[in-house]
Amino acid sequence: MKYLLRAKGFIVLLSLFLLTGCWDSIEIEKRAVIVSLAIDKGKKGYEVTAQVPSPGQIVGGGGGGGGKGGPGAVQSFTAEGETLRDALSELQSKVNNPIFLGHLQTLLLSKDVAKEGISRHLDALRRSPEIRRHMWPIVIDGKAKEAMKTQVGLEPIPTDYLRDQIDTGVKIGKLPTIDLGQVMIELSNPQKRNPLINMFKAQKEQFDWEGMAVFRGDRMVGVLDERLLTPIMHIHRQRSGADLSVPCGKAEGTFFFHPENARRKVTVKNGKVDIQVKIEGEINEKTCPIQITEKSTYQQLSQLVAREYEKIAKKLVERSQKEFRVDVMGIGNYVHAFYPKFYEKMQWRSRYANIPIQIHYKVTLRRIGLESS
Numbered sequence: 001m002k003y004l005l006r007a008k009g010f011i012v013l014l015s016l017f018l019l020t021g022c023w024d025s026i027e028i029e030k031r032a033v034i035v036s037l038a039i040d041k042g043k044k045g046y047e048v049t050a051q052v053p054s055p056g057q058i059v060g061g062g063g064g065g066g067g068k069g070g071p072g073a074v075q076s077f078t079a080e081g082e083t084l085r086d087a088l089s090e091l092q093s094k095v096n097n098p099i100f101l102g103h104l105q106t107l108l109l110s111k112d113v114a115k116e117g118i119s120r121h122l123d124a125l126r127r128s129p130e131i132r133r134h135m136w137p138i139v140i141d142g143k144a145k146e147a148m149k150t151q152v153g154l155e156p157i158p159t160d161y162l163r164d165q166i167d168t169g170v171k172i173g174k175l176p177t178i179d180l181g182q183v184m185i186e187l188s189n190p191q192k193r194n195p196l197i198n199m200f201k202a203q204k205e206q207f208d209w210e211g212m213a214v215f216r217g218d219r220m221v222g223v224l225d226e227r228l229l230t231p232i233m234h235i236h237r238q239r240s241g242a243d244l245s246v247p248c249g250k251a252e253g254t255f256f257f258h259p260e261n262a263r264r265k266v267t268v269k270n271g272k273v274d275i276q277v278k279i280e281g282e283i284n285e286k287t288c289p290i291q292i293t294e295k296s297t298y299q300q301l302s303q304l305v306a307r308e309y310e311k312i313a314k315k316l317v318e319r320s321q322k323e324f325r326v327d328v329m330g331i332g333n334y335v336h337a338f339y340p341k342f343y344e345k346m347q348w349r350s351r352y353a354n355i356p357i358q359i360h361y362k363v364t365l366r367r368i369g370l371e372s373s
C-alpha cells in the first residue's frame, strides 16, 4: 500500500515538471491590441489600417475620472502589401509591441475592395487562431481608413460606436445577425454563397447606415435599403424588421405599423414558390383622421399593411432576380430542404432569375394605442 502511494506521489511530482506554466505569456500592456482593421485598395495592392487604443486616454489618468476620448484615445497605423497578411507583417514593423488580433471588433472594407472580392482577405483571418468569429464585417461607402477618424462624442473609440449601432439593430430585430463567422460559412457553402453585410457612410461626427451590401459569391453587387430588407427579416430570419409607414388609403396621411412577431411558410405549388407570411403588430402613430373603433376598421388597416408589405416584397423579388441575380431571401435553402426534386429540376442557383416566386402577407393588429375622441 505504501509503495503504491509513493508511486502515485512520484508520478504527480514528475508531471509538475512537464507543465509549461506561463513561460510564453505576454502582459496585456506589452501587446499592440488592435480593435479595428480597415482595408482599402493601395498602390502596392492593399492598404491596411489598424486602430490601437491608448489605455491611458480611455481609462483616465487617475482619480475616479472617466476616459478622455477624442483623437488621442486611439492610434492608427497604416501599411501596404500585396495581401492582408503581407500588410500586417509590414504593420508590425511600425509598432513597438507584438500585434494582437484577439480583441478585433470590426473589419472595415471599402466599397472598392468589396466589389473586387473579399475571400482573399478573409482567408488570412480564417486561418488565425486569434480572430473572433463574432466580430462585424462592415462595408464603408468611401475610404475605410477615413471612417476610423469619425469622432462620435459618446464613445472614445469610434469603431466601438459603429459596433454598438449594429448590436442595437440586431437586438431590436431591424438587422440580421451576420457576423464574420456567418459570412465565412455562407461563402464556403455551395447552397448559399450570397452573404449580406452592413454598409455605412462615415460623416464627421456620425455613421450613417446605408443598407445591406448584397454579394454574389464574394463580390458586392448592390445595396438593399431598410424597406427592402424587411421581407428578408420576415422570411429568412423570422424577425420583426423595421417599422412600416403605410398610406391611409383614401384618407390623407399615414400610420406607422410596429411589427412584433413574424412567421413564414414556404411551399411549392404548380411549379411556383409560394410564401405565406403571418405577422402581428401594433399602430404606434397615426396622422390620418380614421377612427379605429370598429372591427371593420381593424380589418381595413390590416389589409393596407399587408398590401404595403406585398408591394415591397414584389419589388425585392424583382431586384433580386433581375438586378442582383442573387437569392437574397435564402428561399433556396428551404426549397432544397423540403422540395429537393423541384430544387434540382429548376436548377435553382443558375436559373433563380426565372423561377416564379409569390409572397403573401396576413397581418393581425393587436393594439392600436390610445384613441382621441
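Numbered by UniProt numbering, the letters in the sequence shown go through residues 1 to 373 in order. Even for Gly, the Cβ is constructed at its ideal location relative to N, Cα and C. In this text the structure is predicted, and so the values were computed from the model without any measurement.
- Shown here for lysine 265: same chain residues with a beta carbon closer than 6 Å to its own, the five before and five after excluded, namely Gln276 in chain order.
- By the criterion of at least three beta-carbon pairs nearer than 8 Å, the segment 38-58 is in contact with the segment 101-115.
- Nearest neighbour of glycine 281 by Cα position, chosen from Phe100, Ala124, His234, Arg349, turns out to be His234.
- Burial state of aspartate 208 is exposed, judged by a 10 Å Cβ sphere holding fewer than 16 other Cβ atoms.
- Distance check between alanine 50 and each of Lys44, Gly9, Ser93 places Ser93 closest, using alpha-carbon atoms only.
- The C-alpha of asparagine 261 lies about 20 Å from the C-alpha of glutamine 300.
- Here the alpha carbons of isoleucine 359 and glutamate 310 stand approximately 6 Å from one another.
- Of all C-beta pairs linking the segment 194-206 to the segment 135-143, three or more are shorter than 8 Å, placing the two stretches in contact.
- In the three-state scheme derived from DSSP, where H, G and I count as helix and E and B as strand, methionine 212 is classed as strand.
- Inter-segment contact for the segment 314-322 and the segment 342-362 is present: three or more beta-carbon pairs are separated by less than 8 Å.
- By the criterion of at least three beta-carbon pairs nearer than 8 Å, the segment 78-94 is not in contact with the segment 151-158.
- Per DSSP, tyrosine 46 is one residue of the beta strand (DSSP E) stretching across 45-53.
- For the segment 284-336, the full-length alpha helix (DSSP H) segments reaching 4 residues or more read 295-318 along the chain.
- Sequence-distant Cβ neighbours of glutamine 75 in its own chain, meaning closer than 7 Å and more than five residues away, are Val52, Ser54.
- Secondary structure remark: continuous alpha helix (DSSP H) runs of at least 4 residues inside the segment 117-141, in chain order: 119-126.
- Secondary structure of valine 152 (DSSP, three-state): coil.
- In the DSSP annotation of this structure, the continuous segment of the alpha helix (DSSP H) that includes valine 183 starts and ends at 180-188.
- In the displayed model, tyrosine 352 falls within a helix according to three-state DSSP.
- Inter-segment contact for the segment 84-93 and the segment 167-186 is absent: fewer than three beta-carbon pairs are separated by less than 8 Å.
- Bounds of any alpha helix (DSSP H) do not take in alanine 79; it lies within the beta strand (DSSP E) bounded by 74-81.
- Residue range 254-269 is occupied by the beta strand (DSSP E) that includes lysine 265.
- Contact annotation: the segment 214-224 does not touch the segment 157-164, with fewer than three C-beta pairs closer than 8 Å.
- Assignment of glycine 9 by DSSP, reduced to helix, strand and coil, places it in the helix class.
- Per the coordinates, the alpha-carbon of glutamine 182 lies some 24 Å from the alpha-carbon of lysine 145.
- Beta-bridge analysis with DSSP links alanine 38 to Thr49, Leu108.
- Counting the other CB atoms within 10 Å of its CB gives proline 340 a total below 16, which places it among the exposed residues.
- Between glycine 332 and threonine 287, the CB-CB gap reaches or exceeds 7 Å.
- With a cutoff of 7 Å on beta-carbon distance, isoleucine 185 and leucine 196 are scored as not near each other.
- DSSP places aspartate 86 within a helical segment (H, G or I) once states are collapsed to three.
- Assignment of valine 277 by DSSP, reduced to helix, strand and coil, places it in the strand class.
- CA-to-CA, the gap between tyrosine 298 and methionine 329 works out to about 30 Å.
- Residue environment analysis places threonine 267 among the exposed positions, since fewer than 16 neighbouring C-beta atoms fall within 10 angstroms of its C-beta.
- Histidine 121 is positioned such that its CB atom lies no closer than 7 Å to that of valine 35.
- For arginine 219, the enclosing beta strand (DSSP E) covers residues 219-224.
- The alpha carbon of leucine 180 has as its nearest neighbour, out of Met346, Ala124, Arg132, the alpha carbon of Arg132.
- The continuous beta strand (DSSP E) containing isoleucine 197 extends over residues 196-202.
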